[in-house]
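**Q**
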């Protein structure tokens, strides 16, 4: 019996090892199944994110196309505004020069009238003086 007992123990150990290996194998299969399922879900999430990203890129491109005309018009308005500001400044300087010129002309006109009036008065006075003699 002692001869068969080690053999039975060896078989029992092997059976336990086999059962443990089968259990480990089943655990590995379960883990593999979970990993595949998780991997598939992650792939699906990645595909959804990529599609969403592509959709957002298309939306951004559409908005840029739609606003391109407005941006161009706004730039034209800004440019025209700068030109108009420069023209307004130039016109203001011209107006100030014109006002100074008018003031000088009015002063000259006053003195011209004053001198002319004086000359006429002197001529009239001379005429009266010489005609009364």
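In the numbering used here, the protein residues as written are 184 to 316.
Ideal placement from N, C-alpha and C gives every residue a C-beta, glycine not left out.
Can you tell me the Cα-Cα spacing of residue 302 and residue 291, whole angstroms?
**A** Within the chain shown, numbered from 1, the residue matching residue 302 stands at position 119. Within the chain shown, numbered from 1, the residue matching residue 291 stands at position 108. Distance between the alpha carbons of residue 302 and residue 291 is about 16 Å.
**Q** Compute the Euclidean distance between the alpha carbons of residue 184 and residue 198, then round it to the nearest angstrom.
**A** As a first step, residue 184 is located in the chain shown; it is residue number 1 there, counting from the start. As a first step, residue 198 is located in the chain shown; it is residue number 15 there, counting from the start. With a pLDDT of only 48 at residue 184, under 50, the local geometry of the prediction cannot be trusted, and the value read off the model is given with reservation. In a straight line, the C-alpha of residue 184 is about 20 Å away from that of residue 198.
**Q** Nearest-angstrom Cα distance between residue 309 and residue 278?
**A** Position 126 of the chain shown, counted from the start, is the residue given in the question as residue 309. Position 95 of the chain shown, counted from the start, is the residue given in the question as residue 278. Approximately 45 Å, taken between the alpha carbons.
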